[in-house]
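Those letters in the sequence shown? Residues 96 to 228, per the numbering used here, in order.
Here a beta-carbon is modelled for each residue, glycine too, at the ideal position from N, C-alpha and C.
Written out below as structure tokens is the structure these notes cover.
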Amino acid sequence: MPLNLDAYLGVHQDALKLQSKRMEVLANNLANVDTPNYKARDVDFKSALAAAGSPEASVKMATTSPQHLSTDPSGDSTASLKYRVPLAPALDGNTVDAQQEQAAFADNTVRYQATLTFLTSRFRNLMTAITGS
């Protein structure tokens, strides 16, 4: 009986990609904490993961020009990016709260590590089944 690796790993491979993307977005927010008029963004993880696991996620939008925006979900898609609602926006229009961004980054790091640990366990179980030891 052939093994479907995507089914075996489940949603965790998509979660790992989304958590990596979220780390990039949060790091970008932290890098622009003093940039005037910079708007903090975050990944809507719940809706992005739901979209990644849905059958409609594989449908690609047709483009007629190379200048069109990419719709590749593995690329730099901004469909799941949302602007963060600031608690207290700065006078210069910047909406980045460094403490909130650091807390979100730390939380995402823990979740990323947990996903890696789960995937490592799944691969270890697979290797045990293959080698028998």
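| Query | Result |
| --- | --- |
| Assuming N124 contacts V191 (C-beta within less than 8 Å), just tell me the rounded distance between them. | 5 Å |
| Taking the CB atoms as reference points, tell me whether T210 and L111 lie closer together than 7 Å. | yes |
| For D137, report the span of its beta strand (DSSP E) as first-last. | R136 to V138 |
| I need the DSSP call for L98, collapsed to helix, strand or coil. | coil |
| Using the rule of at least 16 other Cβ atoms within 10 Å of the residue's Cβ for burial, across every protein chain shown, is L113 buried or exposed? | buried |
| At 3 residues or longer, what runs of the beta strand (DSSP E) sit wholly inside the region 188 to 228? | none |
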